[in-house]
Amino acid sequence: MSLLEIDSVNFSYGNNKILSNIYLKVNQGEVVGFLGRNGCGKSTLLKVIFGSISGESQSVRFDGQYIQTPFKTGKVKFLPQDGLFPQFLTPNQAIELYEADSVRLLKEPEMIEYADRPFSEMSGGIVKFIETLIVLFSPGQFVLLDEPFSYVAPVLVDRLIPLIKEVSQTKGVLLTDHQYRSILEVSDRLYLLRNQSLRPVKKVQELQDMGYIG
Amino acid sequence: MRFAKILSILYRDFIVYNLVFTFAGFWYLFFYGRMSLPYLFWIKVVGFLVLGLWYYQTRRHRFYFYYNLGYSLKALILYSVSLDSGIALLIYIPTNVLAGN
């Protein structure tokens with residue numbers, strides 16, 4: 020079982036400290052979720068782990084080995100918030116380029132229906148759903164998902180949760196979203212990003228105590 | 045083959061810039077000859093910098109498509125510059141010969 024560890028993450032935007040001494044580990048075979056208010060640094064943390072941005076300091080390790088730019092290793096895939104694939108591509112072309120598991124993906128009705136339609140001709144929710152599926156079933160040991168449930172219809176969110184669970188049998192999944200009930204349902208472990216630090220959450224009550232939910 | 049497809053996707057992002065500047069250069073080179081080469085070079089450099097800044101400001105999120113494929117920002121810049129320069133040279137060299145320079 021592989022292990023992804025993130026240590027000593029410090030990140031600031033100008034004088035505004037966003038992340039302070041963050042430590043987190045994700046095992047292959049588990050789903051780790053984290054929550055946080057708007058602008059608290061959730062996406063930033065995922066991007067630092069992915070290696071697309073750098074903070075004042077960070078250490079990302081795979082099985083104890085330090086990796087400077089994780090995305091170059093191909094071991095980690097990332098779903099950004101703002102759309103992943105060029106609009107003129109079709110899901111089939113994206114699957115081919117990402118070398119994703121097409122046999123598995125084409126068992127999903129939406130994948131069959133939209134396989135040869137450009138992303139530009141789909142609704143935002145369907146695009147997000149299909150992008151998430153392709154990232155989940157692409158090669159790699161770890162998957163980072165930034166708001167996979169946003170804009171997605173509840174019926175598709177209900178379908179996405181078991182799919183994330185299925186993928187987590189063989190990969191480590193780290194995800195964040197504002198739909199905290201879905202995050203609670205899918206996660207084996209949960210954290211709250213608050214005051215620049217990650218705090219473990221065991222009970223929903225703790226989210227209320229720490230002011231994340233009312 | 046996969047790499048060629050990725051390059052073609054990358055090229056689509058600056059095809060307008062590439063074609064406009066390359067054919068403007070063709071026109072200059074054909075009529076003004078070799079003396080226009082330094083100007084063409086600097087127009088290309090400045091044009092590419094402006095294009096890069098515009099892309100970075102407006103389409104930065106698109107980089108994640110390439111990052112997931114293992115390509116860094118440096119690699120993308122290198123491929124873009126190579127494609128742009130390669131296409132320009134393919135047009136400019138025969139133009140230079142045709143113009144009798």
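Chains as they are written, first to last, in the numbering used here: chain A, 20 to 233; chain B, 45 to 145.
Cβ coordinates follow ideal geometry from the N, Cα and C atoms, glycine included.
Buried or exposed by the 16-neighbour rule on C-beta atoms within 10 Å, applied to residue i
i	result
residue 150 of chain A	buried
residue 206 of chain A	buried
residue 119 of chain A	buried
residue 177 of chain A	exposed
residue 160 of chain A	buried
residue 131 of chain A	exposed
residue 222 of chain A	exposed
residue 212 of chain A	buried
Contact set between residue i and chain A, taken where Cβ atoms lie within less than 9 Å
i	result
residue 96 of chain B	The contacting residues do not exist; residue 96 of chain B stays about 17 Å from chain A at best.
Beta carbon proximity, residue i to chain A, threshold 9 Å
i	result
residue 113 of chain B	yes
residue 124 of chain B	no
residue 107 of chain B	yes
residue 59 of chain B	no
residue 53 of chain B	yes
residue 50 of chain B	yes
residue 56 of chain B	yes
residue 46 of chain B	yes
Check whether residue i and residue j have beta carbons under 9 Å apart
i	j	result
residue 25 of chain A	residue 95 of chain A	no
residue 231 of chain A	residue 55 of chain A	yes
residue 111 of chain B	residue 97 of chain A	yes
residue 99 of chain A	residue 165 of chain A	yes
residue 124 of chain B	residue 54 of chain B	yes
residue 61 of chain B	residue 84 of chain B	no
residue 70 of chain A	residue 194 of chain A	no
residue 29 of chain A	residue 75 of chain A	yes
residue 89 of chain A	residue 68 of chain A	yes
Cβ of residue i within 9 Å of any chain B Cβ
i	result
residue 170 of chain A	no
residue 137 of chain A	no
residue 108 of chain A	yes
residue 227 of chain A	no
residue 167 of chain A	no
residue 83 of chain A	no
residue 192 of chain A	no
Within chain B, the residues that residue i reaches when beta carbons sit closer than 7 Å
i	result
residue 88 of chain A	116
Chain-ordered chain B contacts of residue i [CB-CB under 8 Å]
i	result
residue 117 of chain A	112 and 113
residue 101 of chain A	105
residue 104 of chain A	109
residue 91 of chain A	114 and 116
Distance cut-off 8 Å: residue i Cβ against heavy atoms of the ligand NAP
i	result
residue 124 of chain A	In the structure shown, the ligand NAP is absent, as is every other ligand, since no ligand is present at all.
Next item on the list: At 4 residues or longer, and completely inside the region 80 to 122 of chain B: list those alpha helix (DSSP H) runs for me, N to C.
Entry: If only complete runs of 4 or more residues are kept, the region 80 to 122 of chain B shows the alpha helix (DSSP H) at 81 to 102 and 107 to 111, in order along the chain.
Notebook entry, point to check: Which full runs of the beta strand (DSSP E) of 3+ residues lie inside the region 77 to 115 of chain A, going along the chain?
Noted result: Secondary structure within the region 77 to 115 of chain A: the beta strand (DSSP E) runs of 3 or more consecutive residues, fully enclosed, are 95 to 98 (chain order).
Next item on the list: Go through the region 130 to 181 of chain A residue by residue and report every complete run of the beta strand (DSSP E) that reaches 3 residues or more, in order.
Entry: Those beta strand (DSSP E) runs which fall completely within the region 130 to 181 of chain A and span 3+ residues are 161 to 165.
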